[in-house]
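One structure below.
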Ligand SMILES: [Fe+2]
């Protein structure tokens, strides 16, 4: 009985009524703005990957395609920020797919530009990645077998997507794996570090290679940046993604 009285007092306490009214007041978010992402500059000239990737492709791919993902991402994040402020949950949910697609496009392309290099650079030689190559040999037997496996995965993608060499943590062990992703899905899983990726959307090769997808995949090896690959292999996921910091 005594316990019941205490419970009733607590239920109808004036203090609690005031607290309840306060809790229903809209929270003042103050001046909050959505993050604003910008196009990272290419670490080389548009024609630097010739003859393997044409300057025309690079200019359109970087300046138009990548920029469009960023423009759409920033617009969606701005709308999302407004929807959070107004507790508009249906708008927030409706934005999720577009944010995933356009953020994925920004993440993938930002990593891709960095994991390419002019063929004449020492960075484009596997000797720039001694630790990674050692692990590739331990995993696939030799470099040629790895390249064949990677090529088969890339050419097996149906529609648009990406192929990646990743480092993945399995328990205490760090392993290499080849993965493919659909559309613009990025490799952002826990314990996964993207080492290098190849864009298998038609916009990445069609102007130069037409339907010769296999030739594009064959030639991409001439411009893989093994120095960047080595840095990602020995670094953390945060290291690989540091280029993605947005301005607020
Ligand atoms: Fe692309």
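Numbering (mature numbering (1 follows the signal peptide of the UniProt record, and there is no 0)), first residue to last: -19 to -1, 1 to 229. We treat Cβ as the ideally placed atom computed from N, Cα and C, and that holds for glycine.
Residue i CB to nearest heavy atom of ligand 1 below 7 Å
i, result
"residue 180", "yes"
"residue 90", "yes"
"residue 36", "no"
"residue 42", "yes"
"residue 87", "no"
"residue 185", "yes"
"residue 46", "yes"
Three-way DSSP call (helix, strand, coil) for residue i in this model
i, result
"residue 155", "strand"
"residue 179", "strand"
"residue 34", "coil"
"residue 61", "helix"
"residue 213", "helix"
"residue 150", "strand"
"residue 224", "helix"
"residue 163", "strand"
"residue 174", "strand"
"residue 97", "strand"
"residue 83", "helix"
"residue 138", "coil"
"residue 104", "helix"
Expected contact under 8 Å - CB spacing of residue i and residue j to nearest Å
i, j, result
"residue 91", "residue 225", "6 Å"
"residue 147", "residue 168", "6 Å"
"residue 89", "residue 178", "6 Å"
"residue 80", "residue 97", "Contact flag wrong, Cβ pair sits at about 26 Å."
"residue 176", "residue 161", "Rounded, the Cβ-Cβ distance is 14 Å, inconsistent with contact."
"residue 30", "residue 103", "About 16 Å; that fails the 8 Å criterion."
"residue 109", "residue 211", "6 Å"
Distance, residue j Cα to residue i Cα
i, j, result
"residue 114", "residue 121", "10 Å"
"residue 134", "residue 24", "27 Å"
"residue 222", "residue 213", "10 Å"
"residue 202", "residue 124", "11 Å"
"residue 73", "residue 50", "19 Å"
"residue 198", "residue 67", "48 Å"
"residue 163", "residue 183", "13 Å"
"residue 61", "residue 17", "13 Å"
"residue 204", "residue 65", "43 Å"
"residue 208", "residue 52", "30 Å"
"residue 220", "residue 21", "16 Å"
"residue 233", "residue 48", "The structure shown does not extend to residue 233, since the chain is modelled only from -19 to 229, so the question has no answer here."
"residue 57", "residue 43", "20 Å"
Identified DSSP bridge partners for residue i
i, result
"residue 193", "Beta-bridge pairing links residue 193 to no other residue."
"residue 144", "161, 179"
"residue 201", "Per DSSP, none; premise fails for residue 201."
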